[in-house]
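Engineer: Numbers 99 to 543, taken from my numbering, label the letters of the sequence shown in order. I have a structure here, written as structure tokens, and I will follow up with some questions on it.
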Amino acid sequence: MYNLDEFMAELERKNPAQPEFIQAAREVIESVIDVVNNNPKYLANKILDRIVEPERVIEFRVEWEDDNHQIQVNRGYRVQFNSAIGPYKGGLRFSKNVTLGTLKFLGFEQTFKNSLTTLPMGGGKGGSDFDPVGKSDNEILRFCRSFMTELYKYIGPDTDVPAGDLGVGGREIGYLYGQYKRIRQENTGVLTGKGQNWGGSLIRPEATGFGAMYFTNEVLKLNGDSFEGKRVSISGFGNVAWGAAMKASQLGAKVVAISGPDGYIVDENGINTPEKWAYMLELRSSNKNVVAPYAEKFGAKFVPGRKVWELPVDIAFTCALQNELNGDDAKLLIKNGVKYAIEVSNMGCTPEAIAAFQAAKIPFCPGKAVNAGGVATSGLEMSQNAEHLKWSAEEVDKQLHTIMKNIFDACVREGKEADGTVNYVKGANIAGFRKVADAMCELGY
Ligand code: 2IT
Numbered sequence: 099m100y101n102l103d104e105f106m107a108e109l110e111r112k113n114p115a116q117p118e119f120i121q122a123a124r125e126v127i128e129s130v131i132d133v134v135n136n137n138p139k140y141l142a143n144k145i146l147d148r149i150v151e152p153e154r155v156i157e158f159r160v161e162w163e164d165d166n167h168q169i170q171v172n173r174g175y176r177v178q179f180n181s182a183i184g185p186y187k188g189g190l191r192f193s194k195n196v197t198l199g200t201l202k203f204l205g206f207e208q209t210f211k212n213s214l215t216t217l218p219m220g221g222g223k224g225g226s227d228f229d230p231v232g233k234s235d236n237e238i239l240r241f242c243r244s245f246m247t248e249l250y251k252y253i254g255p256d257t258d259v260p261a262g263d264l265g266v267g268g269r270e271i272g273y274l275y276g277q278y279k280r281i282r283q284e285n286t287g288v289l290t291g292k293g294q295n296w297g298g299s300l301i302r303p304e305a306t307g308f309g310a311m312y313f314t315n316e317v318l319k320l321n322g323d324s325f326e327g328k329r330v331s332i333s334g335f336g337n338v339a340w341g342a343a344m345k346a347s348q349l350g351a352k353v354v355a356i357s358g359p360d361g362y363i364v365d366e367n368g369i370n371t372p373e374k375w376a377y378m379l380e381l382r383s384s385n386k387n388v389v390a391p392y393a394e395k396f397g398a399k400f401v402p403g404r405k406v407w408e409l410p411v412d413i414a415f416t417c418a419l420q421n422e423l424n425g426d427d428a429k430l431l432i433k434n435g436v437k438y439a440i441e442v443s444n445m446g447c448t449p450e451a452i453a454a455f456q457a458a459k460i461p462f463c464p465g466k467a468v469n470a471g472g473v474a475t476s477g478l479e480m481s482q483n484a485e486h487l488k489w490s491a492e493e494v495d496k497q498l499h500t501i502m503k504n505i506f507d508a509c510v511r512e513g514k515e516a517d518g519t520v521n522y523v524k525g526a527n528i529a530g531f532r533k534v535a536d537a538m539c540e541l542g543y
């Protein structure tokens with residue numbers, strides 16, 4: 099039998115200075131410990147001990163030359179967390195704050211998220227402490243080349259398939275793929291999120307945000323509600339926030355806010371035109387990491403240095419970073435009448451925030467279910483690459499929709515409480531866990 103406190107104490111001892119990984123692990127273990135303790139097969143297989151240990155961690159030096167001809171040194175990583183149900187799959191994050199602990203938390207989350215998609219993908223994550231803010235296009239190119247010159251040894255279309263994450267978008271995937279092709283002399287689906295002219299899937303750029311809204315739409319329906327007329331805030335202004343703003347608007351909501359590290363924007367007219375959406379992409383690719391210019395361009399309000407969660411809304415979506423919404427933010431949102439709290443960023447809410455929403459009976463949905471449409475559509479890109487075909491946008495969108503509905507159903511099935519409410523955290527964790535755990539038992543140790 100596993101004891102939660104003893105297990106977590108041992109995990110902390112073994113992984114010092116990795117608080118994000120410990121936080122992600124605790125959330126999953128809390129959800130699944132009863133399932134494990136009631137299953138002799140899982141106990142005999144020491145399943146929890148095995149599932150918290152990455153299969154492999156690769157760390158390497160990345161050297162590149164900046165525009166002043168100075169040598170720069172960064173650290174590159176790939177965490178190959180779990181391949182029980184398929185090749186490692188998960189994004190690359192380029193951000194100043196990236197540590198091994200960050201990527202272990204993300205790789206761990208990815209394992210259960212990918213399991214939820216119903217597609218055969220294991221979990222992995224990688225990246226670097228390279229800071230894209232303020233870098234020139236040429237510097238990004240040189241960094242990506244150097245990064246791939248080492249990473250190519252460890253990845254492959256049936257081994258490990260990276261994609262984008264924070265700081266890694268279409269441009270970076272292009273530079274990385276270009277270098278992979280140069281070294282390996284092959285066109286294969288080794289990265290996803292590729293450009294439309296060189297093997298990418300339609301709808302992949304939109305998929306994380308679109309999928310989040312398809313999931314939320316199911317939550318609304320279950321509560322006899324709809325997007326119509328809902329006032330919505332979205333944190334962030336990057337790829338995920340972009341897709342979320344578009345689909346929420348199309349489904350009838352009014353998106354009034356987006357945010358950046360510099361503060362947040364309030365646009366009472368709604369962030370609801372192709373011009374405004376296109377400008378979000380422009381802001382992201384400018385590499386300045388600020389949202390303020392939106393206010394000037396569209397005559398909206400900019401609130402400097404504050405978090406978007408102080409704005410009263412019906413639905414709040416975290417679309418930026420881990421732990422971006424804390425217990426105090428949650429209490430303020432609840433006080434201001436929030437009706438749904440939807441985590442789209444990976445681990446966007448602190449445990450205190452989740453507890454506050456759940457105590458107030460506000461439906462809270464976790465990132466690993468809500469944002470799974472991104473990696474699911476990466477899985478669809480892999481399928482298209484493997485059959486050397488390209489599907490229509492309608493076909494990809496239809497499959498994305500079906501996958502999100504299936505994830506929602508799995509969360510409800512595994513997360514239904516005695517009082518009829520749904521604990522989406524528990525539901526997502528148990529549903530994601532079962533498939534990985536069963537596969538690990540069947541494959542032997
Ligand atoms: O967090 C995520 O799911 C991603 N960054 C996307 C991963 C992928 O392989 O598409």
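Positions of the beta carbon are idealized from the N, C-alpha and C atoms, including for glycine. Just so you know, these numbers come straight off a predicted model, no measurement behind them.
With respect to 6 angstroms, is the separation between the Cβ of Lys-187 and the closest non-hydrogen atom of ligand 1 below this value?
Structural biologist: Yes, Cβ of Lys-187 sits closer than 6 angstroms to a heavy atom of ligand 1.
Engineer: If I'm right that Met-219 touches Gly-184 with Cβ under 8 angstroms, what's the distance once you round it to whole angstroms?
Structural biologist: With 8 angstroms as the limit, Met-219 and Gly-184 qualify as a contact, their Cβ atoms being about 4 angstroms apart.
Engineer: Do the region 460 to 473 and the region 436 to 446 make contact, defined as three or more Cβ pairs closer than 8 angstroms?
Structural biologist: At 8 angstroms Cβ cutoff, the stretches touch.
Engineer: Let me know the beta strand (DSSP E) ranges lying completely inside the region 413 to 474, each 3 residues or longer, listed in chain order.
Structural biologist: For the region 413 to 474, whole beta strand (DSSP E) runs of length 3 or above, ordered along the chain, are 413 to 416, 438 to 441.
Engineer: How big is the Cα-Cα spacing for Gly-188 and Val-177?
Structural biologist: Near 9 angstroms, if we compare the C-alpha coordinates of Val-177 and Gly-188.
Engineer: What is the rounded straight-line gap between the Cα of Val-534 and the Cα of Lys-202?
Structural biologist: Computed Cα separation, rounded: 17 angstroms.
Engineer: What's the C-alpha gap between Arg-124 and Phe-206?
Structural biologist: Approximately 11 angstroms, taken between the alpha carbons.
Engineer: So is the beta-carbon of Gly-472 under 6 angstroms away from any non-hydrogen atom of ligand 1?
Structural biologist: Yes, Cβ of Gly-472 sits closer than 6 angstroms to a heavy atom of ligand 1.
Engineer: Only counting the same chain, and skipping five residues up and downstream in sequence, which positions put a Cβ closer than 7 angstroms to that of Asn-504?
Structural biologist: Here the set comprises Thr-216.
Engineer: Considering only DSSP beta bridges, list what Trp-162 is partnered with.
Structural biologist: In DSSP, Trp-162 forms a bridge with Gln-170.
Engineer: Quick check on this structure: which residue in Asp-360, Arg-269, Pro-359, Arg-329 has the alpha carbon closest to the alpha carbon of Gly-350?
Structural biologist: It is Arg-329 whose Cα lies nearest to the Cα of Gly-350.
Engineer: In chain order, which continuous runs of the alpha helix (DSSP H) of length 4 or greater are located wholly inside the region 252 to 328?
Structural biologist: Taking only runs of at least 4 residues, the alpha helix (DSSP H) segments lying wholly in the region 252 to 328 are 268 to 282, 302 to 320.
Engineer: Could you check the C-alpha separation between Lys-284 and Pro-117 for me, to the nearest Å?
Structural biologist: Sequence check: residue 284 is Glu here, not Lys. Whole-angstrom Cα-Cα distance: 39 angstroms.
Engineer: For Asp-517, which of Leu-478, Leu-541, Lys-459 has the nearest alpha-carbon?
Structural biologist: Ranking the options by Cα distance to Asp-517, first place goes to Lys-459.
Engineer: Quick check: is any heavy atom of ligand 1 less than 6 angstroms from the C-beta of Ala-261?
Structural biologist: Yes.
Engineer: Given a cut-off of 7 angstroms, decide if Glu-450 and Gly-425 are closer than it, judged by their beta-carbon atoms.
Structural biologist: Against a cut-off of 7 angstroms, the Cβ pair of Glu-450 and Gly-425 comes out as a contact.
Engineer: Suppose you measure from the CA of Thr-197 to the CA of Ile-253; what does that come to, to the nearest Å?
Structural biologist: C-alpha separation (whole angstroms): 20 angstroms.
Engineer: Regarding Ser-476 and ligand 1, is the C-beta to nearest heavy atom distance less than 6 angstroms?
Structural biologist: The answer is yes for Ser-476.
Engineer: Decide if Ala-418 is buried, meaning its Cβ has at least 16 other Cβ atoms within 10 Å, or exposed.
Structural biologist: Ala-418 comes out buried.
Engineer: What's the gap between the Cα of Cys-463 and the Cα of Lys-429?
Structural biologist: One C-alpha to the other measures close to 17 angstroms.
Engineer: With H, G and I counted as helix, E and B as strand and the rest as coil, what does DSSP make of Ile-149?
Structural biologist: Reduced to three states, the DSSP call for Ile-149 is helix.
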